[in-house]
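Going down the list, the sequences are from chains A and B. Just remember that the numbering used here sits 22 ahead of the position in the first sequence, which is counted from 1. Just remember that the numbering used here sits 13 ahead of the position in the second sequence, which is counted from 1. Don't be surprised by glycine CBs; every beta carbon is placed ideally from N, CA and C. This one's a predicted model, so the numbers in the text were calculated from it and none came from an experiment.
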Amino acid sequence: DTAVSQTPKYLVTQMGNDKSIKCEQNLGHDTMYWYKQDSKKFLKIMFSYNNKELIINETVPNRFSPKSPDKAHLNLHINSLELGDSAVYFCASSPPGSHGYTFGSGTRLTVV
Amino acid sequence: AQSVSQHNHHVILSEAASLELGCNYSYGGTVNLFWYVQYPGQHLQLLLKYFSGDPLVKGIKGFEAEFIKSKFSFNLRKPSVQWSDTAEYFCAVNAMNRDDKIIFGKGTRLHILP
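Rendered as structure tokens:
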């Protein structure tokens, strides 16, 4: 069973479109995250939710909106996509106490 | 604010060579420290972690790391690398008593020549 699963794995879309990436974890973790990895492999945290509550909201454009319907899911919706949004987006989850993350396999978003 | 610095951006070694990747962090309090590996085209996997106790931590695939508090360092080592170790390596830190956010270094690309 996949612990942290993201869909889709690849997403190619045109500028200006709205798209969503879904993430689900079956580990029973309370906290989930979205990270963005750019073309230089730099990983930057975007959001963190703990038990459906927003904990961390880094300086991310408000075109990005996370939604957590329950503690096992954290989806990422992006409005008005721009070329600079092209990256790999990783979902992750962790138990309490920062014992390390379990990452999903990533979603490669390409905006054309 | 906490930050992580990885000294080497790109390292090229031959098989059987010894490896040491540098990592320094900036935070004066108690920290949890991690090394993650990302094989080409794959997601990040935890190699090892330090929370407390013995500062020499052993991880998977023969990797180890040493926490030196006085130097704010957590260098990754492996005595003899293999071609399959070719990957991107990320050092990461979480500052205790704050949120669960883990800050990643910019990564070191390791290329092993067969």
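- Identification of residues in the region 88-122 of chain B having a C-beta nearer than 8 Å to some C-beta of chain A yields E101, F103, N107, M109, D112, D113, K114, I115, I116, F117, K119, G120 and R122, given in sequence order.
- Residue B:L26 holds the alpha-carbon nearest to the alpha-carbon of R122 of chain B among B:Q15, B:P68, B:V17 and B:L26.
- Look at the region 26-69 of chain B and you find these whole runs of beta strand (DSSP E), each 3 residues long or longer: 32-34, 36-39, 44-51 and 57-63.
- Looking at B:A100, B:Y38 and B:L61, the one whose alpha-carbon comes closest to that of H121 of chain A is B:L61.
- Sequence-distant partners of S87 of chain A (beyond 5 residues in either direction) whose C-beta falls short of 7 Å from its own C-beta, in its chain, are H99.
- The Cβ of K93 of chain A sits no closer than 9 Å to any Cβ of chain B.
- For K66 of chain A, the nearest CB of chain B lies under 9 Å from its own CB, placing it at the interface with that chain.
- Under DSSP, I100 of chain A forms a beta bridge with A:K41 and A:F86.
- For the pair F76 of chain B and F87 of chain B, the CB atoms are not nearer than the 9 Å cut-off.
- Contact between the region 47-58 of chain B and the region 96-111 of chain B is present: three or more C-beta pairs spanning the two stretches fall below 8 Å.
- At a cut-off of 9 Å, the C-beta of N21 of chain B has no neighbouring C-beta in chain A.
- Taking 9 Å as the cut-off, the beta carbon of F69 of chain A is found no closer than this to the beta carbon of L103 of chain A.
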